[in-house]
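Engineer: This is the structure, below, for whatever I ask next.
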Amino acid sequence: MPACLRGVHAACGVDVQGDRTVLALAHRVRNRVVVQVVSGKAPSGVPLVAAMYASESIVRLVKAPYASVRKARRVFATLLDVQLPFPLEDCEAVFMEPVPAVGGGVEALAVAARRVDIQRRLDALQAQGIDPVILDHEPSALWTRALEEVPADPSNQEGIRVVIYAGVDRWAMAVGRGPRMLGGHALGVADAAETIQRLVTSYLAPGTGRVEWVMTGPQAGTPAVKAVLASCRDRWPSVEQEVPDAGGFLARALAVRSLSSGPLRCNLRPATLEHAFVQQRRKRRLLKTLVMFLLAGVVLLGTAEWIRFQVEARLAEFDSRVVRQVDRIAGYPVTLRGDDAVQEARKSHELRLRKMEVFSRPFRPSLMNTVMPLVEAASSAGMTLESLQVNRDRVNLAGHAPDWPSPQKLARILEQAGYVPTVDRRDAGTDEQVPFIIEGRRRGVTP
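Counting with our numbering, you get residues 303 to 749 for the letters of the sequence shown.
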């Protein structure tokens, strides 16, 4: 599912804070995104973005013993599965920012949430009239937005940065070093101080480095939050910062992330619960693609028709000249020669129609019924088609896929359409895209 709404010019982030809902509206302005907290309801037609809370999701760091990111991606799911308290098959998981790990291999930050929890979260939001197109991840959104609004201290190389969301009914925390996030956690409101100290100790032993605290959320700056931070000062040298308009911070983060590419982008809304907004945009892209195919067909058929017209005109002129010359020499109409000419022209016309069949055949409805599912499946899976050749007997397509299994989806569509496809893949290049070629012939057609 897309974590960034490409081609969309506005989005609205939503943060439910107890009985209050905070909205932040983001717009694309030239090459940047501007955002502001708004009152009232979200503008009609603007996609909404919400988040899975830290208490409803799990963050884990997975490390694969491979130098290749492509190979590491193949085993990330297995590595995450052994770290989860529930089966990965019951979850939606996103692996973000794979990078070379210290000591070798590749590591990535994994976010997972059970589908039943995702459904419960969507139901709770929809009960309040909120149907989010993207279901982002709360700690990841807090971390990336904090880097933009309050840049990290480059001198704090040995210490860590802790971004805390202090809400009315929930607290959340994102932890990292420099620009890289290392974990995300939920905090109990009643025992926040003890939980924060225990979690921070797992990242940084007391007295070994400085902690940079960034406070966000509607309760930031209140005496209760200040008391929590005061309890941590004795254990770590600390620097405390509070973001401007802390109550609208999470909503701003969600809105901006949905319109801009960048690190730690995440969408936990599963494909089985895909929003109608995404479906409509996919259909529009598919329609544009089909229109391009149809226009190309119209041009091709128009060119063939013009050629046929020119040929027939020349044949008619030639036949007329022959008849006039024969009649002038014989002195009477010679119908035998004229009939032979008509028969020959008719045979030529039928031959031309058979030759034109190679141009008209790809645009018959039956073949479009095969092309449309292929284009739609490729678009949905993030694949790029570079060539697509389909006729009644054979099919050939080539392109790039984001992962190894995706091309098999296109092969299954061709099998359902009556072809016998074979899939040929190559190792991905530097862009991590897997090149593939699918060739096939219709069942019963000899190779």
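Every residue, glycine too, gets a C-beta built ideally from N, C-alpha and C.
Bear in mind that the values here come from a model prediction, so they are computed numbers and not experimental data.
Smallest Cα separation from Glu717: which of Gly742, Thr605 and Leu603?
Structural biologist: Your numbering for residue 717 matches position 415 in the sequence shown. Of the listed residues, the one whose Cα sits closest to Glu717 is Gly742.
Engineer: Round the Cβ separation of Arg512 and Pro539 to the nearest angstrom and send it over; I've been treating them as touching at under 8 Å.
Structural biologist: If you number the sequence shown from 1, residue 512 lands on position 210. If you number the sequence shown from 1, residue 539 lands on position 237. With a Cβ gap of about 4 Å, Arg512 and Pro539 count as contacting.
Engineer: Can you give the Cα-Cα distance for Thr503 and Met594, rounded to whole angstroms?
Structural biologist: The residue you call residue 503 lines up with position 201 of the sequence shown. The residue you call residue 594 lines up with position 292 of the sequence shown. Approximately 59 Å, taken between the alpha carbons.
Engineer: Should Leu424 go down as buried or exposed, given a rule of 16 or more other Cβ atoms within 10 Å for buried?
Structural biologist: Locating residue 424 in the sequence shown gives position 122, where the first residue counts as 1. So Leu424 counts as buried.
Engineer: Evaluate Arg616 with the Cβ neighbour count: other Cβ atoms within 10 Å of its Cβ, from every protein chain shown; 16 or more gives buried, anything less gives exposed.
Structural biologist: Here residue 616 refers to the residue found at position 314 when the sequence shown is read from its first residue. Exposed is the call here.
Engineer: Residues in its own chain within less than 7 Å of Leu444 by CB, not counting five upstream and five downstream?
Structural biologist: Counted from its first residue, the sequence shown places residue 444 at position 142. Result list for Leu444: Val465, Tyr467, Ala474, Ala476, Thr518, Leu552 and Ala555, in chain order.
Engineer: Give the single residue among Asp729, Glu544 and Val396 whose Cα lies nearest to the Cα of Gln521.
Structural biologist: Taking the first residue of the sequence shown as 1, we reach residue 521 at position 219. Of the listed residues, the one whose Cα sits closest to Gln521 is Glu544.
Engineer: Let me know the secondary structure DSSP gives Ile432 once reduced to three states.
Structural biologist: In the sequence shown, counting from the first residue as 1, residue 432 sits at position 130. If DSSP states are grouped into helix, strand and coil, Ile432 belongs with coil.
Engineer: Distance, Cα to Cα, Val692 vs Val361?
Structural biologist: Taking the sequence shown and counting its residues from 1, the one referred to as residue 692 is at position 390. Taking the sequence shown and counting its residues from 1, the one referred to as residue 361 is at position 59. Their Cα atoms are separated by approximately 45 Å.
Engineer: Could you tell me the distance, in whole angstroms, from the CA atom of His651 to the CA atom of Gly599?
Structural biologist: In the sequence shown, counting from the first residue as 1, residue 651 sits at position 349. In the sequence shown, counting from the first residue as 1, residue 599 sits at position 297. Reliability fails at His651, whose pLDDT of 48 lies under 50, so the model's placement of it is uncertain and the value that follows must be treated cautiously. Roughly 22 Å separates the two Cα atoms.
Engineer: If you compare alpha carbons, which of Lys365, Asp317 and Arg416 is closest to Glu358?
Structural biologist: Taking the first residue of the sequence shown as 1, we reach residue 358 at position 56. The shortest C-alpha separation from Glu358 is found at Arg416.
Engineer: Does the distance from the C-beta atom of Glu542 to that of Trp515 stay below 7 Å?
Structural biologist: Taking the first residue of the sequence shown as 1, we reach residue 542 at position 240. Taking the first residue of the sequence shown as 1, we reach residue 515 at position 213. It is a contact, given that the beta carbons lie within the stated cut-off.
Engineer: Looking at the strands, I want to know which residues DSSP matches up with Asp621.
Structural biologist: Looking up residue 621 in the sequence shown gives position 319. DSSP lists no partner for Asp621.
Engineer: Return helix, strand or coil for Asn698, following the three-state DSSP convention.
Structural biologist: Taking the sequence shown and counting its residues from 1, one reaches residue 698 at position 396. If DSSP states are grouped into helix, strand and coil, Asn698 belongs with the strands.
Engineer: In whole angstroms, what separates the C-alpha of Met674 from that of Leu592?
Structural biologist: As a working note, residue 674 is residue 372 in the sequence shown. As a working note, residue 592 is residue 290 in the sequence shown. C-alpha separation (whole angstroms): 8 Å.
Engineer: Extract the residue ranges of the beta strand (DSSP E) inside the region 452–523, only unbroken runs of 3 or more that lie entirely within it.
Structural biologist: 462–468, 473–479, 482–489 and 513–518
Engineer: Reducing DSSP to helix, strand and coil, say where Lys343 ends up.
Structural biologist: Residue numbering aside, residue 343 sits at position 41 when the sequence shown is read from its first letter. Correct three-state label for Lys343: coil.
Engineer: Would you tell me roughly how many angstroms separate the C-alpha atoms of Ile436 and Ala700, rounded to the nearest one?
Structural biologist: As a position in the sequence shown, residue 436 is number 134, starting the count at 1. As a position in the sequence shown, residue 700 is number 398, starting the count at 1. Those two C-alpha atoms are separated by around 31 Å.
Engineer: Leaving aside the five residues before and after Ser562 along the sequence, list all residues of the same chain whose C-beta is less than 8 Å from its C-beta, in chain order.
Structural biologist: Indexing the sequence shown from 1 puts residue 562 at position 260. Closer than 8 Å at the Cβ level, and outside the excluded window around Ser562, lie Cys306 and Val335.
Engineer: Excluding sequence positions up to five away, which residues of its chain have a Cβ less than 8 Å from the Cβ of Leu575?
Structural biologist: Taking the first residue of the sequence shown as position 1, residue 575 is located at position 273. Cβ within range, chain order: Ile420, Gln421 and Leu424.
Engineer: Do Leu687 and Ala680 have their CB atoms nearer than 7 Å?
Structural biologist: As a position in the sequence shown, residue 687 is number 385, starting the count at 1. As a position in the sequence shown, residue 680 is number 378, starting the count at 1. Contact: yes.
Engineer: I believe Lys365 touches Glu409 by the beta-carbon criterion, under 8 Å. Please report the beta-carbon distance rounded to the nearest angstrom.
Structural biologist: Locating residue 365 in the sequence shown gives position 63, counting from the first residue. Locating residue 409 in the sequence shown gives position 107, counting from the first residue. Indeed, because the Cβ distance is near 4 Å, the residues count as touching under 8 Å.
Engineer: Just confirm the distance between the C-beta atoms of Pro434 and Ala352, as a whole number of angstroms; I'd bet it's less than 8 Å.
Structural biologist: Mapped onto the sequence shown, residue 434 falls at position 132. Mapped onto the sequence shown, residue 352 falls at position 50. Right, the Cβ-Cβ distance comes to about 4 Å (below 8 Å), so this counts as a contact.
Engineer: For His651, does the three-state DSSP call read helix, strand or coil?
Structural biologist: By 1-based counting over the sequence shown, the position of residue 651 is 349. Any reading at His651 needs caution, since the residue's pLDDT is 48, under 50, leaving its predicted position unreliable; the model's value is listed next. Here His651 sits in helix by DSSP.
Engineer: For the structure I just gave you, are there three or more beta carbon pairs, one from the region 326–342 and one from the region 379–391, closer than 8 Å?
Structural biologist: no
Engineer: Considering just the uninterrupted stretch of the alpha helix (DSSP H) at Leu381, what are its terminal residues?
Structural biologist: Within the sequence shown, the letter at position 79 stands for residue 381. Looking at the DSSP string, the run of the alpha helix (DSSP H) that includes Leu381 is Val371 to Asp383.
Engineer: Helix, strand or coil: which one does DSSP assign to Asp317?
Structural biologist: Taking the sequence shown and counting its residues from 1, one reaches residue 317 at position 15. Reduced to three states, the DSSP call for Asp317 is strand.
Engineer: Which two residues bound the contiguous alpha helix (DSSP H) that contains Phe551?
Structural biologist: Taking the sequence shown and counting its residues from 1, one reaches residue 551 at position 249. That run of the alpha helix (DSSP H) goes Phe551 to Leu561.
Engineer: Alpha carbon to alpha carbon, what distance is there between Trp706 and Glu734?
Structural biologist: Taking the first residue of the sequence shown as 1, we reach residue 734 at position 432. Taking the first residue of the sequence shown as 1, we reach residue 706 at position 404. The straight-line gap from Cα to Cα measures roughly 10 Å.
Engineer: How many angstroms separate the CA atom of Met685 from the CA atom of Cys534?
Structural biologist: Here residue 685 corresponds to residue number 383 of the sequence shown, with the count starting at 1. Here residue 534 corresponds to residue number 232 of the sequence shown, with the count starting at 1. Cα-Cα distance, rounded: 49 Å.
Engineer: Find out if the Cβ-Cβ distance for the pair Ala326, Val310 is shorter than 7 Å.
Structural biologist: For the purposes of this step, residue 326 is taken as residue 24 along the sequence shown, with counting starting at 1. For the purposes of this step, residue 310 is taken as residue 8 along the sequence shown, with counting starting at 1. Contact annotation: Ala326 and Val310 have beta-carbon atoms that are not nearer than 7 Å.
Engineer: According to DSSP, what are the bridge partners of Ile420?
Structural biologist: Sequence index remark: in the sequence shown, residue 420 carries index 118 (1-based). Note: Ile420 sits in no beta bridge, so no partner.
Engineer: Go ahead and pull the three-state DSSP assignment for Gln735.
Structural biologist: Along the sequence shown, read from residue 1 onward, the residue named residue 735 stands at position 433. DSSP places Gln735 in coil when its eight states are reduced to three.
Engineer: Do you know offhand how far Leu427's Cα is from Met354's?
Structural biologist: Indexing the sequence shown from 1 puts residue 427 at position 125. Indexing the sequence shown from 1 puts residue 354 at position 52. So the two alpha carbons sit approximately 11 Å from each other.
Engineer: Excluding the five sequence neighbours on either side, which residues of its own chain have a C-beta within less than 8 Å of the C-beta of Pro572, listed in chain order?
Structural biologist: The residue labelled residue 572 in the question sits at position 270 within the sequence shown. Counting only Cβ-Cβ distances below 8 Å, and skipping sequence neighbours, we find Met303, Glu394, Arg417 and Ile420.
Engineer: The alpha helix (DSSP H) that contains Leu714, what's its start and end?
Structural biologist: Position 412 of the sequence shown holds residue 714. Position check: residue 714 holds Arg in this sequence, whereas Leu was assumed. Arg714 -> alpha helix (DSSP H) spans Pro709 to Gln718.
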